[in-house]
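Encoded as structure tokens, the structure appears first; notes follow it.
Protein chains: 2
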Amino acid sequence: MSHEQVVHLQFLLLIAIIIFVSKMAGHLGKQYLKQPVVFGEILAGLLIGPSLLNIFGWPIFQPPSDEYQHFLSHGVHTLAGFGVLLLMFIAGMETNLDQMRAVGKTALWAAIAGVLFPLGLGTSVSLLFGMGMKEAVFIGAVLTATSVSISAQTLMELRRLNSKEGMTILGAAVIDDVLGIIILSFVIAFTHAGGGSGVHVAKLSDLLAGGVSAFIGIQTPVALSVSAVVLLMGVFFVLAVWVAMRGFAPLLALVDRMHASYAVPAFTLLLMLLFAVGAEYFGQVAAITGAYIVGIFVARTRYHDKVLHAIQPFTYAMFVPIFFMSIGLSADLNAMQGAWVFALVIIVVAILTKVFGCGLGAFLAGFTRQESARVGAGMVSRGEVGLIVAQVGLASAVITKAEYAPLILMVLATTVVTPVLLRLVFPHEAEAEADVYESVVTVETEEEEAKY
Amino acid sequence: MSHEQVVHLQFLLLIAIIIFVSKMAGHLGKQYLKQPVVFGEILAGLLIGPSLLNIFGWPIFQPPSDEYQHFLSHGVHTLAGFGVLLLMFIAGMETNLDQMRAVGKTALWAAIAGVLFPLGLGTSVSLLFGMGMKEAVFIGAVLTATSVSISAQTLMELRRLNSKEGMTILGAAVIDDVLGIIILSFVIAFTHAGGGSGVHVAKLSDLLAGGVSAFIGIQTPVALSVSAVVLLMGVFFVLAVWVAMRGFAPLLALVDRMHASYAVPAFTLLLMLLFAVGAEYFGQVAAITGAYIVGIFVARTRYHDKVLHAIQPFTYAMFVPIFFMSIGLSADLNAMQGAWVFALVIIVVAILTKVFGCGLGAFLAGFTRQESARVGAGMVSRGEVGLIVAQVGLASAVITKAEYAPLILMVLATTVVTPVLLRLVFPHEAEAEADVYESVVTVETEEEEAKY
């Protein structure tokens with residue numbers, strides 16, 4: 001066999017193992033611990049990740065040559081990256097825009113309070129642990145970044161995504177994404193003198209300044225001014241929503257007449273990818289925000305069912321399990337060394353500041369105490385956004401490795417605890433079997449099965 | 001942005017471009033040249049591949065660091081590899097086993113003649129061009145390897161896969177896969193003295209001999225004896241078919257009761273991956289043969305519709321276009337240099353020996369002249385199997401770069417010509433719109449759309 005065939009077989013085997021472990025863990029967590037499926041899936045990643053079984057170190061998965069050193073881990077992260085985009089795209093399709101508009105003000109307050117509390121308390125606690133102002137503010141900033149994908153998935157499982165609280169959580173998460181980037185721009189501008197080697201927030205400015213070589217964002221580390229970031233975000237959101245509202249329906253109608261199999265889902269995926277790239281590159285926000293916008297507006301065309309039927313099953317059969325596994329896979333608890341106390345404190349701060357911060361924001365905007373608690377619980381997870389921000393800090397030497405490991409543990413802990421919290425605060429009678437969420441698609445297939 | 005984010009955005013953009021170019025090319029080829037969609041999709045790969053636009057060389061797709069040197073091309077080939085497995089899995093689901101049994105003898109004769117003719121004439125022509133016996137036999141062996149994925153896709157498009165001829169082509173291709181590997185084992189044993197550095201056919205023998213380190217198949221180049229290859233193939237086919245017949249239905253019924261979203265399609269994908277790895281690693285045959293077997297037997301469970309609905313749309317919206325593009329993407333016509341005459345002769349030999357060889361086999365087994373021509377046309381494509389065999393020859397120094405380039409061109413030419421030939425020999429009235437093949441799934445979605 002050539003090396004290429006070898007790594008290819010290794011990759012197929014790896015994905016088979018990931019699908020198996022993930023589905024089994026999701027099932028066991030649901031069956032015996034009564035947790036949402038996503039809980040087991042994330043823990044499964046931790047189980048076979050570097051902290052415990054370390055699957056990438058197994059002899060069977062050793063690279064055949066240096067060229068393929070990172071082939072398997074890159075491959076998994078590539079599929080995981082698709083997974084989270086598809087997940088947020090589907091959450092967009094499930095989004096009820098009217099409901100979201102109705103809770104817009106509440107979402108705004110929940111997001112603002114949910115950024116200020118973690119930033120303030122995270123910075124204070126880090127200072128108490130003897131860190132410098134720069135590190136402390138950065139760690140505070142890492143604590144602000146909500147990652148809504150876990151909550152979205154859990155709420156879809158509990159069939160509560162479209163509730164008042166569900167829409168508040170999703171709306172607040174988008175606002176949080178915007179606020180988080182603005183704060184990160186501030187922090188990076190603030191810490192720029194000390195760090196900045198090879199990593200930066202600026203993207204579009206580079207393109208304008210340095211041409212194509214700067215697109216890849218490495219050669220010219222320039223931090224955009226905060227006002228430029230805000231401007232770009234504004235332009236992106238207005239443009240993206242305008243194109244989506246006006247353009248999607250006629251475009252998909254045109255595509256539907258093409259001689260090509262499944263052209264409508266194919267072009268929907270294309271739009272999802274382009275908006276994801278556009279969100280991160282031009283809009284300075286997370287790629288999942290772009291995918292989410294596409295989901296919202298494709299859902300409002302007449303192709304809603306066709307697209308959902310085409311994309312949802314494969315997404316949940318393969319991509320999403322890989323994404324949830326990859327969160328656990330990327331955490332190495334062995335790197336923690338002695339920082340357990342700081343890690344524990346940061347985890348508690350991370351959970352409490354979101355629950356009470358976002359909860360207070362929602363409460364002040366008029367939600368009941370119970371509704372506010374639900375919103376707070378849904379904002380706890382830091383997921384992949386927290387990981388990325390922490391990585392940026394490590395790469396630009398704003399934080400050290402010893403400060404990085406506790407942040408990774410914090411991301412993991414908040415991610416694992418979110419489905420547990422959500423299940424606690426949402427009424428159980430609304431909960432359904434894990435596979436009820438398949439209902440949209442299985443309704444007809446089950447009828448057909450009846451023929452057998 | 002971190003390097004990881006940069007390549008990730010590059011990859012998303014690349015996949016967006018591939019989906020767009022592929023769907024557009026498929027549409028244009030169908031609309032204006034009246035060719036099957038797959039024809040345009042393969043040519044599109046050639047268009048943006050290294051021969052012409054060379055997409056991987058665009059400044060926007062330059063790797064941010066050495067670690068990511070091969071990230072994009074590896075990523076595309078990973079998805080393409082999934083694509084061809086999924087394609088053959090779906091072809092398996094479309095397979096009518098009774099029909100295939102009825103044409104079994106014809107398929108056997110078509111396969112045997114379709115191996116002997118290219119081997120004999122390919123070797124003779126290479127000798128005429130002044131090559132040594134070793135190279136000549138190897139080139140003859142490369143010409144034997146049919147790749148049925150393009151024919152399967154074209155026939156599905158023309159809605160003729162389940163015809164007498166379609167089943168003969170698929171059956172003959174599986175037999176051809178077996179014969180091709182046996183011949184390759186002979187050839188490699190024959191040429192072993194001269195080459196053999198780092199590449200070999202043996203897989204299981206290594207495992208037995210060298211333990212785990214040998215699984216990855218690099219350290220100990222040993223050619224299996226031909227009888228061992230035949231034995232392993234036999235064991236694989238008996239075992240795979242037995243497990244599939246007896247095990248799939250109860251396994252999927254069990255899985256269907258799991259607390260996990262889309263568990264049945266997920267475990268079907270898992271089986272597809274495991275059988276693909278098993279086919280190549282233990283059975284010594286192509287991975288697609290394993291995927292094809294899974295498709296055949298999953299289709300015979302009560303989950304036929306559920307699985308097909310879950311897997312088919314995403315497969316055709318994304319994976320299959322990437323696979324067809326990747327065939328063109330991997331051909332670099334600039335490497336041809338002066339070998340055009342040899343290339344042209346080899347292409348003609350490759351096409352004629354399959355059309356007349358397989359055709360003669362089918363004719364002698366009792367097919368009419370027209371039916372025989374259809375079988376012959378369906379066996380022309382060499383696709384990815386030819387590429388892999390040629391790569392093995394190049395890597396093991398059995399053939400030189402100057403001999404390799406014409407073989408790549410031959411693979412490309414036979415692949416592109418196959419949908420054209422098939423469309424010529426199959427009656428046009430049976431042909432439907434390209435998207436008719438979606439009918440299975442769109443029947444209901446269109447009903448639902450009617451509600452809008």
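Going down the list, the protein sequences come from chains A and B.
Everything in the first sequence is counted per the working numbering, starting at 1 for the first residue and increasing by one.
Everything in the second sequence is counted per the working numbering, starting at 1 for the first residue and increasing by one.
Glycine included, each C-beta is placed from N, C-alpha and C at the ideal position.
Check: C-beta contact flag for Ile311 (chain A) and Leu86 (chain A) at 8 Å; Outcome: yes
Check: CB contact flag (Gly45 (chain B), Phe324 (chain B), <8 Å); Outcome: yes
Check: Test: Val277 (chain A) CB closer than 8 Å to a CB of chain B; Outcome: yes
Check: CB contact check: Gln284 (chain B) to chain A, cutoff 8 Å; Outcome: no
Check: Alpha carbon of Leu28 (chain A) to alpha carbon of Ser149 (chain A), nearest angstrom; Outcome: 22 Å
Check: Local Cβ density within 10 Å of Gln10 (chain A), reported as buried at 16 or more and exposed below that; Outcome: buried
Check: CB contact check: Thr400 (chain B) to chain A, cutoff 8 Å; Outcome: no
Check: Residues of the stretch 48-80 of chain B whose Cβ lies closer than 7 Å to any Cβ of chain A, in chain order; Outcome: Pro59, Ile60, Gln62, Pro64, Glu67, His70, Phe71, His74, Gly75, Thr78
Check: Sequence-distant residues of its chain with Cβ nearer than 7 Å to Lys23 (chain B) (five each side left out); Outcome: Pro321
Check: Alpha-carbon spacing of Asp176 (chain A) relative to Gly378 (chain A), whole angstroms; Outcome: 13 Å
Check: Where Met318 (chain A) meets chain B, residues with beta-carbon distance less than 7 Å; Outcome: Ala266, Leu269
Check: Cα-Cα separation, Phe215 (chain A) to Leu231 (chain A); Outcome: For Phe215 (chain A), the pLDDT reaches just 37, beneath the cut-off of 50, and the residue's location in the model is therefore unreliable, although a value from the coordinates is still provided. If you take the alpha carbons of Phe215 (chain A) and Leu231 (chain A), they lie about 19 Å apart.
Check: Simplified DSSP assignment, three categories, for Met410 (chain A); Outcome: helix
Check: Burial state of Pro59 (chain A) (16 or more Cβ within 10 Å); Outcome: exposed
Check: Contact check, Met93 (chain A) vs Gly295 (chain A), beta carbons under 8 Å; Outcome: yes
Check: Chain B contact for Lys30 (chain A) (CB, 8 Å cutoff); Outcome: yes
Check: Contact list for Gln142 (chain B) against chain A, beta-carbon separation under 7 Å; Outcome: According to the sequence provided, residue 142 (chain B) is Val. The question's Gln does not apply to it. Near Val142 (chain B) there are no residues of chain A at all, since even the closest Cβ is about 14 Å away, more than 7 Å.
Check: CA nearest to the CA of Thr315 (chain B), picked from B:Ala80, B:Gly383, B:Ser65, B:Gln5; Outcome: B:Ala80
Check: Environment of Thr368 (chain B) [buried if 16+ CB atoms lie within 10 Å]; Outcome: exposed
Check: Separation of Gly140 (chain B) from Thr353 (chain B), as counted between CA atoms; Outcome: 11 Å
Check: CB contact flag (Ile327 (chain A), Thr414 (chain A), <8 Å); Outcome: no
Check: Closer than 7 Å at the beta carbon, the chain E residues around Ser151 (chain A); Outcome: Of the protein chains in the structure, A and B, none is chain E.
Check: Proximity winner among A:Thr268, A:Ala102, A:Lys401, A:His74, relative to Leu170 (chain A) (alpha-carbon distances); Outcome: A:Ala102
Check: Alpha-carbon spacing of Gly39 (chain B) relative to Thr400 (chain A), whole angstroms; Outcome: It should be noted that the sequence gives Phe, not Gly, for residue 39 (chain B). So the alpha carbons of these two residues sit roughly 54 Å apart.
Check: Reference Gly383 (chain A); option with closest CA among A:Val416, A:Leu360, A:Tyr404, A:Gly366; Outcome: A:Val416
Check: 7 Å Cβ cut-off: residues of chain A touching Gln391 (chain B); Outcome: Ser2
Check: Segment limits, alpha helix (DSSP H) that includes Pro63 (chain A); Outcome: Premise fails: Pro63 (chain A) is in no alpha helix (DSSP H) and is neither H nor E.
Check: Candidates A:Thr106, A:Met133, A:Thr268, A:Leu108, of which the one nearest Leu119 (chain A) by Cα; Outcome: A:Met133
Check: Which of helix, strand or coil DSSP assigns to Met318 (chain A); Outcome: helix
Check: Cβ-Cβ separation, Gln62 (chain A) to His259 (chain B) (assumed contact under 8 Å), whole Å; Outcome: Not confirmed; about 35 Å, so no contact.
Check: Neighbour-count burial assignment, Ser225 (chain A), 16 or more Cβ in a 10 Å radius; Outcome: exposed
Check: Continuous alpha helix (DSSP H) stretch holding Lys34 (chain B): start and end; Outcome: First-last for Lys34 (chain B): undefined, no H or E at that position.
Check: Cβ distance (whole Å) where Val115 (chain A) is taken to contact Thr144 (chain A) below 8 Å; Outcome: 5 Å
Check: Within chain A, partners of Glu280 (chain B) - CB distance below 7 Å; Outcome: Leu9
Check: Backbone CA spacing between Gly195 (chain A) and Thr289 (chain A) [nearest angstrom]; Outcome: Because the pLDDT at Gly195 (chain A) is just 39, under 50, the model does not fix this residue reliably, and the point stays unresolved.
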